[in-house]
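Trainee:
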């Protein structure tokens, strides 16, 4: 087990380094430096500024400094556009917001989707089953950027029940629409996955044996069927996490919630590479970490996995 | 016992005259199964309809996608609603352009991105997976670790970074989408190759001294086609989703070009003024097309892979 964990970590670290180097090189390849503007600066001033930000060093020194800064001080460097703010400030501002509704959406997707899938499988071919299948097929074509306008149109413009944007320190009524918009399609995927794997498990021999020896239904489901049925769902959690983080960009932009997604797109439009890079690396690091945790959990739960 | 001689002779004649029993090919079987699948068949018809709309739509349109209708500009909510009389079948957008022509244009671009993205995935992913699976050993290990690494990067962020650094253009969008779309395909192709490479016909090819690359191209890849086709059909909507996602943020295709994502974003931005048609028409085409692709993909999977039931 320990060697398995070490091996997974050994893959995770180069992945993260690769991500940093790729985004750094991409940024470097961009035409026009961060200080080129319509009014060209005098060469002496430009040289001074570049020296201050360390841009006059050879590129490999810059990369090493950047990585060193991240590792030792968790420092992503200054923003090129907002002179008074560092990338860290921007992340510190936006990240808690993203984390709040991201976590809620993740919980909704997994819990509601899982419950719906299990209920549908246990009552196969009932109205509940058809409802679950219908929802999961329908939600497949309702990604967050389609859900968001539909929700705002219905609940804000027509019914006037919920605010159509803003954050307001995470007040509950500002959270509902973003969470629904973000979680719907993943909830559907979780429901579909849970349903099919639960059905598969219910038709296996060991469940038939348990039925035959007269175990109470509740015990069969919760003690014997649930664990193997949830394994495929677990392996979906990694990709779902990535998609949620990606989806948060849409949510931030559409609902103006002020999360990192909003900063990301704004810095993309402003060509503020430092912020883009910082957020990309942060998100990449989180993704890699999350995948690592899921993989280790999976290996721990599933006895069939060889280390 | 009396034997009906006449009847026996007739039977013998029939047998002799009858041609060899027609064998059923895999393809014919698959087609029969696909045509029995009502949802897939209806989806196919809808998809052909959408294709026809995107190809011939501009012939019906009364306005071009660039013309501005000065008669409705500034009063879109009152005058720009869908109507047959003024030629705006789907209404006008907030700049007074004809939404019908814009939706035709957006459909063309979205479908093109979807199909080309899936095509890149098919070519690169199949070859990559087949080579990795067939070669095996260390090469396979390294090649699949690379896929692992690329897959654990949140590609949407990298894609946006790419688009910003190298300028937003349709070409760059293709490159960016092509860079990530082949990963899943390569896994699937590799998995299939692993089961194929120990079959007798491959062994026979090795025994007769065929070069590995020829074996891959002539014996492995054709046998992968069934699976590849199914996943390609499911990849097209994924690519359309990716493109629409980026265009919704305003980072994808740029004016005067447009796509479903960009049109939905425009519609979502103006819906509080009561111009709902701007949201409804692009969204309608987006949703029915995605639905169709998913159902066709499911239908193809059931048709081509009878084991998987």
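Protein chains in written order, with full-length UniProt numbering: chain A, 1 to 307; chain B, 1 to 309.
By construction, the Cβ of each residue, glycine as well, lies at the ideal position given by its N, Cα and C atoms.
If you're wondering where the values come from, they're calculated on a predicted model, not measured in any experiment.
#1: If you compare alpha carbons, which of A:273, A:236, A:261 is closest to residue 113 (chain A)?
#2: Is it the case that the region 25–37 of chain B contacts the region 289–302 of chain B, given that we only count it when at least three CB pairs across the two stretches are under 8 Å?
#3: Please name the residue, chosen from A:246, A:152, A:19, that lies closest to residue 340 (chain A) on a Cα-to-Cα basis.
#4: Excluding the 5 residues preceding and the 5 following residue 240 (chain B) in the sequence, name in chain order all residues of the same chain whose CB lies nearer than 6 Å to its CB.
#5: When the Cα atoms are used, what is the spatial distance from residue 144 (chain A) to residue 151 (chain A)?
#6: Determine, using beta carbons only, whether residue 50 (chain A) and residue 57 (chain A) come nearer to each other than 7 Å.
#7: Less than 8 Å between the CB atoms is what I'm expecting for residue 126 (chain B) and residue 221 (chain B), so what's the real figure, rounded?
#8: Could you tell me which chain B residues have their CB closer than 9 Å to the CB of residue 140 (chain A), listed as they occur along the chain?
#9: Assuming residue 191 (chain A) contacts residue 135 (chain A) (C-beta within less than 8 Å), just tell me the rounded distance between them.
#10: Which two residues bound the contiguous alpha helix (DSSP H) that contains residue 238 (chain B)?
#11: Round the Cβ separation of residue 222 (chain A) and residue 290 (chain A) to the nearest angstrom and send it over; I've been treating them as touching at under 8 Å.
#12: State yes or no: is the C-beta of residue 268 (chain A) within less than 7 Å of the C-beta of residue 164 (chain B)?
#13: How far does the alpha helix (DSSP H) with residue 319 (chain B) in it reach, from first residue to last?
#14: Can you check whether the C-beta of residue 297 (chain A) is within less than 7 Å of a C-beta belonging to chain B?
#15: Under the three-state reduction of DSSP, which class applies to residue 395 (chain A): helix, strand or coil?
#16: Work out the CA separation of residue 54 (chain B) and residue 104 (chain B) for me, nearest whole Å.
#17: Which of helix, strand or coil does DSSP assign to residue 98 (chain B)?
#18: Below 7 Å between beta carbons: does that hold for residue 101 (chain B) and residue 61 (chain B)?
#19: What are the residues of the region 13–29 of chain A that lie near chain B, defined by any Cβ-Cβ distance shorter than 8 Å?
#20: Taking buried to mean at least 16 other C-beta atoms within 10 Å of its own C-beta, is residue 75 (chain B) buried or exposed?
#21: Tell me the rounded alpha-carbon separation between residue 189 (chain A) and residue 183 (chain A).
#22: Taking Cβ-Cβ distances shorter than 9 Å, what residues in chain E pair up with residue 244 (chain B)?
#23: Under 8 Å: do the region 150–161 of chain B and the region 179–192 of chain B share three or more Cβ pairs, one atom per stretch?
#24: Where does residue 9 (chain B) land, buried or exposed, given buried means 16+ other C-beta within 10 angstroms?
#25: Taking the DSSP output, what are the residues bridged to residue 86 (chain A)?
#26: Where does residue 30 (chain B) sit, in a helix, a strand or coil, going by DSSP?
#27: Let me make sure I understand the geometry here. Which of B:47, B:249, B:64 has the alpha-carbon closest to that of residue 236 (chain B)?
#28: Name the residue from B:285, B:276, B:271 whose alpha carbon lies nearest to the alpha carbon of residue 164 (chain A).
#29: Verify whether the separation of the beta carbon atoms of residue 90 (chain A) and residue 255 (chain A) is less than 7 Å.
Mentor: Reading it off the structure:
#1: Distance from the Cα of residue 113 (chain A) is smallest, within the candidate group A:273, A:236, A:261, for A:236.
#2: Yes: the two stretches touch, three or more of their Cβ pairs being nearer than 8 Å.
#3: A query on residue 340 (chain A) cannot be resolved here, the shown segment of chain A reaching from 1 to 307 and no further.
#4: Cβ within range, chain order: 110, 114.
#5: Within the model, the alpha-carbon separation for residue 144 (chain A) versus residue 151 (chain A) is close to 10 Å.
#6: Against a cut-off of 7 Å, the Cβ pair of residue 57 (chain A) and residue 50 (chain A) comes out as no contact.
#7: Cβ atoms of residue 126 (chain B) and residue 221 (chain B) come within 8 Å of each other, at about 6 Å.
#8: What residue 140 (chain A) touches in chain B, judged by beta-carbon distance under 9 Å, is 237, 290, 291, 294, going in chain order.
#9: Yes, they are in contact, since the Cβ atoms of residue 191 (chain A) and residue 135 (chain A) sit about 7 Å apart, within 8 Å.
#10: Per DSSP, the continuous alpha helix (DSSP H) segment holding residue 238 (chain B) begins and ends at 221–248.
#11: With a Cβ gap of about 27 Å, residue 222 (chain A) and residue 290 (chain A) do not count as contacting.
#12: The criterion of a C-beta distance shorter than 7 Å is satisfied by residue 268 (chain A) and residue 164 (chain B).
#13: Look at the range of chain B in this structure, 1 to 309, and you will see that residue 319 (chain B) is not part of it.
#14: For residue 297 (chain A), not one C-beta of chain B is nearer than 7 Å to its own C-beta.
#15: An answer regarding residue 395 (chain A) cannot be provided, because it is not within the stretch 1 to 307 covered by chain A.
#16: Computed Cα separation, rounded: 5 Å.
#17: DSSP places residue 98 (chain B) in strand when its eight states are reduced to three.
#18: Yes, they are a contact pair.
#19: So the list reads 14, 15, 18, 19, 22, 23, 26, 27, 29, given in the order they occur along the chain.
#20: Around the beta-carbon of residue 75 (chain B), fewer than 16 other beta-carbon atoms lie within 10 Å, marking it exposed.
#21: Between the alpha carbons of residue 189 (chain A) and residue 183 (chain A) lies a gap of roughly 10 Å.
#22: Although the question refers to chain E, the structure presented lacks it and instead comprises the protein chains A and B.
#23: Contact check between the region 150–161 of chain B and the region 179–192 of chain B: three or more CB pairs, one atom from each, fall below 8 Å, which counts as touching.
#24: The residue is exposed, with fewer than 16 neighbouring Cβ atoms inside 10 Å.
#25: In the DSSP output, where bridge partners are listed per residue, residue 86 (chain A) has A:78.
#26: It is helical.
#27: The shortest Cα separation from residue 236 (chain B) among B:47, B:249, B:64 belongs to B:47.
#28: Checking every option, the nearest Cα to that of residue 164 (chain A) belongs to B:271.
#29: Contact flag unset, no.
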